[in-house]
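J.: In this note's numbering, the protein residues as written are 461 to 963.
In this text, a Cβ means the ideal position worked out from N, Cα and C, and glycines have one as well.
Please read these numbers as outputs of a predicted model, since none were measured by experiment.
To start, I am sharing the structure in question, which I have written as structure tokens.
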Amino acid sequence: MNEQPPPDRPHAPAESRAEGPADGPTDGPAGGGADGLRAGLKNRHLSMIAIGGVIGAGLFVGSKAGIADAGPGILLSYALAGLLVVLVMRMLGEMAAADPSSGSFSTYADRALGRWAGFTIGWLYWFFWAVVLAVEATAAAVILEGWIPAVPQWAWALLVMLVLTGTNLVSVGSYGEFEFWFAGIKVVAIVAFIVVGLVAIAGFPPADHAVGTENLTGRGGFLPHGPGAILSGMLLVVFSFMGSEIVTLAAAESPNPVVAVRKAVNSVIWRIGLFYLGSMFVIVTLVPWDARAVQDDGPYVAVLDALKIPYAGTVMDVVVLTAVLSCLNSALYTASRMAFSLGGRGDAPASFGRTNARGVPATAILASVAFGFVAVFFNYIAKDTVFEFLLNSSGAVALFVWLVICASQLRMRRRLEREAPERLTVRMWLYPYLTWATIGLIVFVVGYMFTDDGGRTQMVLSLAVAAFVLVVGLAVDRRRASARPGSTSGRPAPAAEAPSDAG
């Protein structure tokens with residue numbers, strides 16, 4: 461990685477095969493992508509990937525911690541976190557619509573900030589999703605073992621990982637089809653929950669009376685722990701938004717990536733508003749924020765039980781399992797595509813940047829899932845040491861990714877306005893003022909994490925891992941540059957870039 465940014469230009473002259481042509485975006489030919497990947501994702505796949513990408517398992521099971529911390533004020537915590545994500549996604553959408561890439565923000569960081577940035581954020585992002593593989597496989601195994609205790613938990617974890625690995629190895633269309641149905645179930649469940657909840661709030665069955673604002677303003681008020689709880693609540697919920705950016709990677713494997721990115725970015729506001737703020741409003745309005753059931757059973761089950769919906773626990777287990785499998789499926793897809801992009805740019809083994817005859821980066825998939833299997837193994841033999849370290853050291857990666865997206869957009873926007881303004885089909889609002897404001901908000905969140913015991917541990921370990929990856933990247937790039945006299949870019953030679961097994 462060069463320590464100095466590359467020359468002030470929109471694209472490097474010799475882009476790797478994994479990143480598409482140097483002269484800008486391409487929709488790719490029918491049935492095949494320009495970078496060795498196949499354009500196998502249909503419009504309906506991308507629509508559900510975009511919608512489902514903001515609905516993680518954390519919304520269903522992790523929101524109770526935020527409610528306990530902020531009370532009804534969790535609505536403001538989600539609104540603040542959602543605003544941050546909307547702004548970051550707008551910036552990412554601007555770059556992705558101008559030049560779709562399977563490496564997404566890692567590619568743009570490489571071009572805008574230097575090889576060190578693309579290498580570091582790419583590997584950190586891969587690390588994050590590889591750890592998520594283990595987390596979600598374990599979560600799925602816990603639910604399945606509860607239903608069929610005769611099968612041990614480790615066997616369930618192995619089974620779900622093998623099935624979804626096979627799905628991703630078949631074709632990108634298989635991933636898209638599974639994700640379409642997984643995301644569809646999540647969306648139907650959330651929408652049904654909100655509709656039933658709003659009907660109940662109005663006093664219609666299944667409720668026996670209108671609840672009014674009693675639970676919002678009683679029991680200590682809207683902010684029972686003070687205004688500071690809005691920020692502490694935000695720390696607990698902001699990471700549940702990680703995954704919103706997946707659609708910008710997936711768009712590179714669609715027939716019309718520019719249109720796909722534009723649609724996803726333009727719809728992110730209503731997606732966050734509906735699924736997060738809508739469901740949280742129903743929860744804190746229908747049940748007291750400090751009700752024991754919210755913490756014991758989870759907020760969604762607590763609401764369904766309060767409305768006397770039969771089999772509420774089982775229904776939510778099915779929904780949560782679907783969300784977990786969806787996240788696992790997307791984690792494997794996302795990690796493998798980032799590994800593929802890194803391989804194509806010479807920042808990972810060259811085999812990672814190759815595709816097979818079906819346009820699938822099989823080596824990148826297998827390498828990612830292998831790390832996931834190792835992490836699952838450590839979850840069972842060293843949960844409080846090695847696995848805990850993996851969780852904490854990847855915990856703040858989302859903030860690093862968002863910060864790099866902001867910094868990259870600042871540079872890329874100036875270049876595009878000067879050299880290719882026609883590619884700016886998506887524009888960041890009030891540039892550069894909102895970009896700088898977003899950077900300030902992210903830096904503030906990073907600083908605030910140091911005031912929280914759990915957040916401090918995550919941030920310190922995440923920074924340590926990031927520093928290690930950065931040092932490795934700088935060392936690799938210096939060695940690569942010194943091996944080619946006269947070369948200062950550190951980019952791989954075009955002839956050796958991301959060959960395809962498919963020919």
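Closer than 7 Å by C-beta to VAL780: which residues in its own chain qualify, once you throw out the five before and the five after it? Chain order, please.
T.: ALA517, PHE520, VAL521, ILE603
J.: Just to confirm the assignment, what range does the alpha helix (DSSP H) spanning ILE511 have?
T.: First-last of the alpha helix (DSSP H) with ILE511: 503 to 512.
J.: Which of the three DSSP states is assigned to TRP583 in this structure?
T.: helix
J.: Grab me the residues of THR911's own chain with a C-beta within less than 7 Å of its C-beta, minus the 5 sequence neighbours each way, in chain order.
T.: none
J.: Do SER922 and SER854 have their CB atoms nearer than 8 Å?
T.: yes
J.: Nearest to GLY574 by alpha carbon, out of SER868, SER801, ALA652?
T.: SER868
J.: For ALA824, does the three-state DSSP call read helix, strand or coil?
T.: helix
J.: If you compare alpha carbons, which of ALA935, GLU596, ALA594, THR567 is closest to GLY582?
T.: Considering only alpha carbons, the answer is THR567.
J.: Which term fits SER942, buried or exposed, when burial requires 16 or more other beta carbons within 10 angstroms of its beta carbon?
T.: exposed
J.: Return helix, strand or coil for TYR760, following the three-state DSSP convention.
T.: helix
J.: Sort GLY813, LEU792, MET551, THR794 by Cα distance to ARG802 and report the nearest one.
T.: Per the sequence shown, the amino acid found at residue 802 is Leu instead of Arg. It is GLY813.
J.: Roughly how many whole angstroms lie between the Cα atoms of ASP570 and PRO809?
T.: 17 Å
J.: The alpha helix (DSSP H) spanning VAL655 covers which residue range?
T.: Judged by DSSP secondary structure, VAL655 falls within the alpha helix (DSSP H) whose first and last residues are 632 to 661.
J.: As a quick exercise: from ILE527, GLU637, LEU593, VAL659, pick the residue whose alpha carbon is nearest that of MET740.
T.: ILE527
J.: Using 8 Å as the threshold, is the stretch 685 to 701 in touch with the stretch 527 to 546, meaning 3 or more CB pairs across them?
T.: yes
J.: Taking only runs that begin and end inside the stretch 734 to 786, name each unbroken alpha helix (DSSP H) of 4 or more residues, in chain order.
T.: 739 to 746, 752 to 757, 759 to 766
J.: Using CA atoms only, rank isn't needed, just tell me which of GLY758, LEU785, ILE661, THR782 is closest to ALA772.
T.: GLY758
J.: Just list the beta strand (DSSP E) runs in the stretch 535 to 577, keeping only unbroken ones of 3 residues or longer that don't cross its boundaries, in chain order.
T.: none
J.: Which of the three DSSP states is assigned to GLY688 in this structure?
T.: helix
J.: Look at CYS866 and THR885 and say whether their C-beta atoms are less than 8 Å apart.
T.: no
J.: Which residues in the same chain as LYS768 place their Cβ atom closer than 7 Å to its Cβ, once the five residues preceding and following it in sequence are excluded?
T.: Excluding sequence neighbours, LYS768 sits near PRO666.
J.: Measuring straight from C-alpha to C-alpha, what distance separates GLU877 and TYR891?
T.: 12 Å
J.: Restricting to Cα atoms, I'd like to know which of ALA935, LEU792, PHE904 is closest to ARG620.
T.: Here the sequence assigns Val to residue 620, which means Arg is not the residue at that position. Checked all of ALA935, LEU792, PHE904; the closest Cα to VAL620 is LEU792.
J.: Decide if PHE653 is buried, meaning its Cβ has at least 16 other Cβ atoms within 10 Å, or exposed.
T.: buried
J.: Does the beta-carbon of LYS524 have 16 or more other beta-carbons within 10 angstroms, so that it is buried, or is it exposed?
T.: buried
J.: Any idea what DSSP makes of ALA943, helix, strand or coil?
T.: It is coil, neither helix nor strand.
J.: Here's a check: name, in chain order, each residue in its chain whose Cβ is nearer than 8 Å to the Cβ of ALA753, leaving out the five neighbours to either side.
T.: The answer, listed in chain order, is VAL747, VAL761, ALA762, ASP765, ALA766.
J.: Contact check, THR745 vs ILE650 under 8 Å by CB: the rounded distance?
T.: Their Cβ separation, rounded to whole angstroms, is 16 Å, which puts THR745 and ILE650 out of contact at 8 Å.
J.: Which word fits LEU501, buried or exposed, when buried means at least 16 other C-beta atoms lie within 10 angstroms of its C-beta?
T.: buried
J.: What is the rounded straight-line gap between the Cα of ALA897 and the Cα of ARG875?
T.: 21 Å
J.: In chain order, what residues of the same chain have a beta carbon less than 7 Å from the beta carbon of ARG887, not counting five sequence neighbours either side?
T.: Apart from sequence neighbours up to five positions away, the residues of its chain that approach ARG887 with a beta-carbon distance below 7 Å are GLU554, ordered along the chain.
J.: Could you tell me the distance, in whole angstroms, from the CA atom of VAL697 to the CA atom of CYS787?
T.: VAL697 and CYS787 have their C-alpha atoms roughly 16 Å apart.
J.: Under the assumption that ILE645 contacts GLY513 (Cβ atoms under 8 Å), give the Cβ distance between them as a whole number of angstroms.
T.: Between GLY513 and ILE645 the Cβ distance is about 14 Å, and since that is not below 8 Å, they are no contact.
J.: Are MET872 and ALA572 touching if we call contact CB-CB under 8 Å?
T.: yes
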